[in-house]
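Under this note's numbering, the first residue of the sequence shown carries the number 394, and numbering increases by one thereafter. Below is one structure, written out as structure tokens, with a few remarks after it.
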Amino acid sequence: MKNYIAFDIGGSSVKFGLVNEQGEILDKGSFKTPKEDFDILISKIVEVVDKYKKNMKLQGIGLSCPGAVNNEEGIIYGASAVPYIHGPNFRNILKKATGLDMSMENDANCAALAEVWMGAAKDNNDALFLVCGTGIGGAIIKNKKLHLGTNLHGGEFGYMIMESDIEKGIVKNYSEVASTFSIVKRVAQYKNIDTSKIDGKKIFDMAKDGDKDCLRAIDEFYYKLALGIFNLQYVYDPEVIVIGGAISDREDLVDCINAKLELILKQAKIAKIMPTVRKCVYSNDANLIGAVYNFSMRH
């Protein structure tokens with residue numbers, strides 16, 4: 394059985410996992426993301442790799458990270474909550490430090506690959522992966538492979554313009570109107586309070602108790618989320634659209650989205666295709682599993 398080590402770099406922590414060739418996580422852990430030093434990050438990664446290398450042979454390293462990742466060049470372009478990873482040749486530096494081959498990919502793309510490999514889209518060739526958290530991101534899968542795009546922005550659905558006012562010169566993108574934070578912003582506006590005074594969990598709890606502002610904000614959120622899904626279905630026509638991110642923990646997610654999709658189909662009378670929507674399977678482990686799948690595909 395071949396074993397790999399995967400790292401998922403986030404703004405607050407770096408998760409790592411020992412993953413076998415069947416996508417099973419044999420062991421995992423995390424360490425705090427260094428604040429400002431790339432060399433410290435590399436040394437911590439090497440420390441984890443060396444620990445596992447003592448007991449077994451590792452086939453390589455799979456890296457999941459934010460930003461516009463160019464695996465061929467070994468460089469992470471764009472920007473993220475970990476600014477120092479953008480610029481250095483991550484691939485060459487890590488390969489030299491560990492002696493292992495490595496592959497790297499954007500975190501949302503890794504999550505999508507996990508679902509294609511063993512998760513919600515394992516029986517599909519063409520899929521979209523939609524990550525809904527404080528912002529919206531995603532990935533495009535064609536024939537079980539990532540479509541990255543000319544500028545490495547394939548799947549950046551959060552940039553889609555969803556609302557506009559030509560007279561005021563204002564546009565609002567998908568992240569602004571359909572992320573989980575959009576619910577917080579709506580409730581804060583309706584109640585005339587600061588967004589720091591409320592959070593998503595509290596809003597859903599208050600909605601259960603019949604709070605009209607919270608119910609209205611959640612209803613608008615699901616409609617906008619479904620509207621973007623409707624548009625994406627007609628742009629790409631995938632077999633399935635898989636939803637990940639914080640919102641995917643909600644049991645009623647797919648039912649709520651489908652209810653809004655049915656409403657939109659009635660409103661857009663010419664449209665006949667009902668998107669197939671599923672929740673992700675791997676949740677917080679998706680990036681690690683997908684990073685290994687990415688490595689195995691490239692090697």
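Idealized CB from N, CA, C, for every residue including glycine.
Where residue i falls, given that 16 or more other Cβ within 10 Å makes a residue buried
| i | result |
| --- | --- |
| residue 450 | exposed |
| residue 643 | exposed |
| residue 487 | buried |
| residue 419 | exposed |
| residue 597 | exposed |
| residue 672 | buried |
| residue 683 | buried |
| residue 571 | buried |
| residue 552 | exposed |
| residue 630 | exposed |
| residue 498 | buried |
| residue 495 | buried |
| residue 628 | exposed |
| residue 474 | exposed |
| residue 679 | buried |
| residue 587 | exposed |
| residue 455 | buried |
| residue 687 | buried |
| residue 476 | exposed |
| residue 562 | exposed |
| residue 564 | exposed |
| residue 650 | buried |
| residue 502 | buried |
| residue 500 | buried |
| residue 661 | exposed |
| residue 589 | exposed |
| residue 603 | exposed |
| residue 370 | No answer is possible for residue 370: it lies beyond the span of the chain, which begins at 394 and ends at 692. |
| residue 529 | buried |
Those residues which DSSP pairs with residue i across a bridge
| i | result |
| --- | --- |
| residue 454 | 398 and 495 |
| residue 406 | 425 |
| residue 636 | 523 and 672 |
| residue 558 | 563 |
| residue 413 | 396 |
| residue 461 | 470 |
| residue 420 | 411 |
Contact set for residue i: own chain, Cβ-Cβ below 8 Å, skip 5 residues either direction
| i | result |
| --- | --- |
| residue 592 | 577 |
| residue 472 | 460 and 479 |
| residue 470 | 460, 461, 462, 463, 479 and 545 |
| residue 435 | 486, 487 and 490 |
| residue 664 | 623, 627, 657 and 658 |
| residue 620 | 555, 571, 653 and 657 |
| residue 406 | 423, 424, 425 and 426 |
| residue 676 | 637, 641 and 642 |
| residue 647 | 636, 670, 671 and 672 |
Cβ shell of residue i (< 6 Å), same chain only, five flanking positions each side left out
| i | result |
| --- | --- |
| residue 511 | 416 |
| residue 481 | 431 |
| residue 504 | 637, 679, 680 and 683 |
| residue 513 | 635, 671, 673 and 674 |
| residue 574 | 527 |
| residue 618 | 571 |
Residues near residue i in its chain [Cβ-Cβ closer than 7 Å; skip 5 each side]
| i | result |
| --- | --- |
| residue 403 | 426 |
| residue 509 | 515, 520, 534 and 537 |
| residue 409 | 398, 399, 400, 421, 422, 423 and 441 |
| residue 625 | 521, 550 and 634 |
| residue 367 | The chain is shown only over 394 to 692; residue 367 falls outside these bounds and no answer can be derived. |
| residue 439 | 490 and 491 |
| residue 600 | 607, 608 and 611 |
| residue 467 | 482, 483, 484 and 485 |
| residue 541 | 547 |
| residue 580 | 591, 596, 606, 607 and 610 |
| residue 667 | 654 and 658 |
| residue 532 | 501, 502, 505, 522, 539 and 548 |
Q) Is the stretch 423-435 close to the stretch 651-665, with three or more CB pairs under 8 Å? A) Contact between the stretch 423-435 and the stretch 651-665 is absent, with fewer than three C-beta pairs closer than 8 Å.
Q: Tell me the start and end of each unbroken alpha helix (DSSP H) in the stretch 464-552 that is at least 4 residues and wholly inside, in chain order.
A: Whole alpha helix (DSSP H) segments, 4+ residues: 483-491 and 500-510.
Q) Would the stretch 530-549 and the stretch 605-614 be scored as touching if the rule is three or more Cβ pairs under 8 Å? A) The stretch 530-549 makes no contact with the stretch 605-614; the number of CB pairs closer than 8 Å stays below 3.
(Q) For the stretch 395-410 against the stretch 437-454, do three or more pairs of beta-carbon atoms, one drawn from each stretch, fall closer than 8 Å, so that the two count as touching? (A) By the Cβ criterion, the stretch 395-410 is in contact with the stretch 437-454, since at least three pairs of Cβ atoms, one from each stretch, lie closer than 8 Å.
Q.
I'd like to know if the stretch 631-645 and the stretch 517-526 are in contact, where contact means that at least 3 CB-CB pairs between them fall below 8 Å.
A. For the pair of segments examined, the stretch 631-645 was found to touch the stretch 517-526: the number of CB pairs separated by less than 8 Å reaches three.
Q) In chain order, which continuous runs of the beta strand (DSSP E) of length 3 or greater are located wholly inside the stretch 560-610? A) Qualifying beta strand (DSSP E) stretches, in chain order: 563-566.
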